[in-house]
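Protein chains: 2
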Amino acid sequence: MTCKSTALLIAGAARWCDTGRVTGRNLSRAEARTAQIATIKKVSRALIASKGVSGLSLREVAREMRVVSSALYRYFATRDDLLTALIFDAYNDLGASVERADAKASSESAGDRFRIAARAVRRWAKRHPHEYSLIYGTPVPNYVAPVTTIEAATRVPRVLSKILSNAQGVHPFPLNVEAARDVDQFLEVDALEEVLVDVPREMYVRALMAWNMIFGFLSFELYGHYVGSVKNANVMFEKVLDELAALLGL
Amino acid sequence: MTCKSTALLIAGAARWCDTGRVTGRNLSRAEARTAQIATIKKVSRALIASKGVSGLSLREVAREMRVVSSALYRYFATRDDLLTALIFDAYNDLGASVERADAKASSESAGDRFRIAARAVRRWAKRHPHEYSLIYGTPVPNYVAPVTTIEAATRVPRVLSKILSNAQGVHPFPLNVEAARDVDQFLEVDALEEVLVDVPREMYVRALMAWNMIFGFLSFELYGHYVGSVKNANVMFEKVLDELAALLGL
DNA sequence: TGAAAGCGAGAGCGATGCTCTCTCAAGAAA
DNA sequence: TTTCTTGAGAGAGCATCGCTCTCGCTTTCA
Chain H
5 MTCKSTALLI AGAARWCDTG RVTGRNLSRA EARTAQIATI KKVSRALIAS
55 KGVSGLSLRE VAREMRVVSS ALYRYFATRD DLLTALIFDA YNDLGASVER
105 ADAKASSESA GDRFRIAARA VRRWAKRHPH EYSLIYGTPV PNYVAPVTTI
155 EAATRVPRVL SKILSNAQGV HPFPLNVEAA RDVDQFLEVD ALEEVLVDVP
205 REMYVRALMA WNMIFGFLSF ELYGHYVGSV KNANVMFEKV LDELAALLGL
Chain A
5 MTCKSTALLI AGAARWCDTG RVTGRNLSRA EARTAQIATI KKVSRALIAS
55 KGVSGLSLRE VAREMRVVSS ALYRYFATRD DLLTALIFDA YNDLGASVER
105 ADAKASSESA GDRFRIAARA VRRWAKRHPH EYSLIYGTPV PNYVAPVTTI
155 EAATRVPRVL SKILSNAQGV HPFPLNVEAA RDVDQFLEVD ALEEVLVDVP
205 REMYVRALMA WNMIFGFLSF ELYGHYVGSV KNANVMFEKV LDELAALLGL
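Here the protein sequences line up with chains H and A, keeping their order. Okay, so the first sequence: first residue is 5 according to my numbering, each after it adds one. Okay, so the second sequence: first residue is 5 according to my numbering, each after it adds one.
Encoded structure:
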């Protein structure tokens with residue numbers, strides 16, 4: 005049952021020992037390490053998908069990998085560290101999905117690109133509800149996002165704002181010009197300028213609202229707050245996108 | 005340390021035995037039971053407030069109450085049952101807060117009433133962030149809202165819609181009449197009519213959006229998604245309310 | 001070739017949710 | 001008043017969890 009005689013294994017083929025140890029001549033220690041980390045995350049994602057975030061247990065991951073639980077602590081010092089890695093991956097996975105969808109829609113009108121990007125967000129969220137919760141649901145207590153995560157988290161806003169900035173000249177709903185003048189009083193305009201490139205400041209509030217509305221909608225949909233009021237969320241989402249597009253002048 | 009000789013306690017005064025048992029002549033069994041339930045919930049709320057929902061442990065509640073953990077199972081068969089009771093209370097507490105705020109604002113204009121109600125939601129959420137998460141954050145796995153909870157959950161929407169229906173005749177942003185005609189295709193119009201009394205159907209989508217936007221904003225604010233973009237959430241919230249009021253024609 | 005570092009096994013600690021049995025007190029029935 | 005039923009807490013126990021520590025083996029590197 006244990007794996008005392010790794011020397012007996014066929015040297016040419018890297019493979020899993022019964023006990024989970026990665027061995028074989030053609031897999032360096034570093035490679036084995038990244039492979040193990042990938043496996044841990046893969047199994048964790050599967051576990052989260054079936055039991056939710058709170059159902060993720062290091063011991064069960066270990067059991068699944070036919071490894072003793074203490075072995076996992078070589079790779080993640082803490083359950084929260086594992087979650088942090090998964091959060092990071094989720095942001096990037098979502099961001100990549102939306103970027104991909106937008107890239108394919110480069111010839112569309114601004115309004116259509118906006119809708120396509122928003123639908124990509126929703127599609128990802130509905131396909132990965134628990135990973136969505138990981139990043140947009142209740143945060144894990146004491147969790148503080150590392151800097152790398154912050155960057156990954158801006159990928160979706162960046163796509164939306166690129167669409168916005170490409171759509172200059174179209175006339176939005178009447179803007180409250182007075183309200184837009186003191187925008188630097190309550191927004192981090194310096195940071196926002198790096199994301200909302202070429203978007204006029206009068207639009208910042210509405211841009212943030214649109215971003216917030218998309219995720220607010222998904223939280224309501226996924227968490228059941230639309231039960232009893234919204235019968236067909238697909239259609240409702242399109243209606244919301246219509247309103248948002250009008251608000252943004254798309 | 006144990007409480008074998010309750011007969012020796014002063015009969016006239018109901019009091020806690022050292023071991024947690026409620027005793028005394030003037031406290032009936034039923035009264036003692038409701039008192040214990042109230043205490044359990046009170047201690048649980050305090051625990052949630054300091055450690056978050058996931059930090060709520062029946063054993064710690066029991067310790068706090070100087071009672072053995074198994075005793076709590078006389079009142080809540082499961083940790084999730086306790087959470088369900090707390091969710092119910094949270095909905096009602098939030099609903100009552102907003103109703104109270106709106107009742108005091110009956111002489112204000114529709115726009116002001118809308119803002120006052122929305123601010124009441126936000127104030128409650130910021131004062132009870134963990135209870136907010138309980139009802140608007142990631143749901144507990146396998147949780148299904150009992151009917152009584154559903155009713156409690158509609159108290160806030162009811163207030164908002166009452167304000168809306170009282171504000172007929174004001175002209176909203178241009179409504180997409182075409183989009184509003186097939187509202188019964190994707191909304192539960194029968195159920196919505198009982199909440200959105202006297203609100204025209206063309207407004208249903210925007211009314212739902214406003215409701216959703218308020219809570220979406222709070223989730224973003226409380227869960228840190230505005231870090232790096234919104235400097236002063238108080239002001240930003242007012243801007244959002246301006247936009248929503250305009251959208252609703254208030 | 002030999003020292004250093006990485007990794008998994010395994011035992012163990014304190015904590016969790018939950019179950020079960022035991023005992024005793026309170027309320028209802030006689 | 002006495003008997004019987006029911007409700008409540010105590011306490012032991014089970015399976016599980018996150019996490020720590022030591023041990024022995026293997027890979028890596030000087």
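The beta-carbon is built from N, C-alpha and C at its ideal position, and this holds for glycine as well.
Verify whether the separation of the beta carbon atoms of residue i and residue j is less than 8 Å.
| i | j | result |
| --- | --- | --- |
| residue 91/H | residue 152/H | no |
| residue 144/H | residue 84/H | yes |
| residue 263/A | residue 113/A | The structure shown does not extend to residue 263/A, since chain A spans only 5 to 254, so no value can be given for it. |
| residue 213/A | residue 207/H | no |
| residue 203/H | residue 195/H | no |
| residue 45/A | residue 89/A | yes |
| residue 119/H | residue 249/H | yes |
| residue 224/H | residue 244/H | no |
| residue 199/H | residue 169/H | no |
| residue 72/A | residue 66/A | yes |
| residue 86/A | residue 61/A | no |
| residue 96/H | residue 156/H | yes |
| residue 193/A | residue 185/A | no |
| residue 142/H | residue 228/A | no |
| residue 251/A | residue 115/A | no |
| residue 171/H | residue 139/H | no |
Determine whether the Cβ of residue i lies closer than 8 Å to any Cβ atom of chain H.
| i | result |
| --- | --- |
| residue 239/A | yes |
| residue 23/A | Note that residue 23/A has pLDDT 41, beneath the 50 cutoff, so the model's placement of it is unreliable and the number below is only indicative. By this cut-off, residue 23/A is not an interface position. |
| residue 59/A | yes |
| residue 204/A | no |
| residue 100/A | no |
| residue 29/A | Residue confidence is low: residue 29/A scores 47 on pLDDT, short of 50, so the model does not pin down where it sits. Its coordinate-derived value is still stated next. So, not an interface residue. |
| residue 137/A | yes |
| residue 64/A | no |
| residue 112/A | no |
| residue 247/A | yes |
Which residues in the same chain have their Cβ closer than 8 Å to the Cβ of residue i, if we skip the five residues on either side of it in sequence?
| i | result |
| --- | --- |
| residue 102/H | 121, 124, 125, 128, 159, 160, 163 |
| residue 64/H | 51 |
| residue 187/A | 193, 205, 206, 208, 209 |
| residue 219/H | 125, 140 |
Using 8 Å as the limit for Cβ to Cβ distance, is residue i near chain A?
| i | result |
| --- | --- |
| residue 210/H | yes |
| residue 191/H | yes |
| residue 55/H | yes |
| residue 224/H | yes |
| residue 198/H | no |
| residue 195/H | yes |
Taking C-beta pairs closer than 8 Å, name the residues in chain H that residue i reaches, listed in chain order.
| i | result |
| --- | --- |
| residue 217/A | 213, 216, 217, 220 |
So residue i contacts chain H; which residues on that side make the cut at Cβ distance below 7 Å?
| i | result |
| --- | --- |
| residue 154/A | 232 |
Which chain A residues are close to residue i, counting only those with a beta carbon under 9 Å from its beta carbon?
| i | result |
| --- | --- |
| residue 244/H | 209, 212, 213, 216 |
How would you list, in chain order, the residues of chain A whose beta-carbon sits under 7 Å from the beta-carbon of residue i?
| i | result |
| --- | --- |
| residue 141/H | 141, 142 |
Along chain H, which residues have their Cβ under 9 Å away from the Cβ of residue i?
| i | result |
| --- | --- |
| residue 236/A | 189, 190, 191 |
Could you pull out every residue in the same chain whose Cβ sits closer than 6 Å to the Cβ of residue i, ignoring the five residues on either side in sequence?
| i | result |
| --- | --- |
| residue 98/H | 128 |
| residue 117/A | 109, 167 |
| residue 234/A | 240 |
| residue 226/A | 133 |
| residue 68/A | 47 |
Interface residues of chain A around residue i at Cβ under 8 Å?
| i | result |
| --- | --- |
| residue 228/H | 143, 149 |
| residue 68/H | Simply none; closest approach about 19 Å. |
Using C-beta distances below 7 Å, list every residue in its chain close to residue i, excluding the 5 sequence neighbours before and after it, in chain order.
| i | result |
| --- | --- |
| residue 191/A | 208 |
| residue 79/H | 40, 41, 44 |
| residue 53/A | 134 |
Selection of the segment 36 to 49 of chain H by Cβ proximity to chain A, strictly under 8 Å
If the cut-off is 8 Å between Cβ atoms, the segment 36 to 49 of chain H has nothing near chain A.
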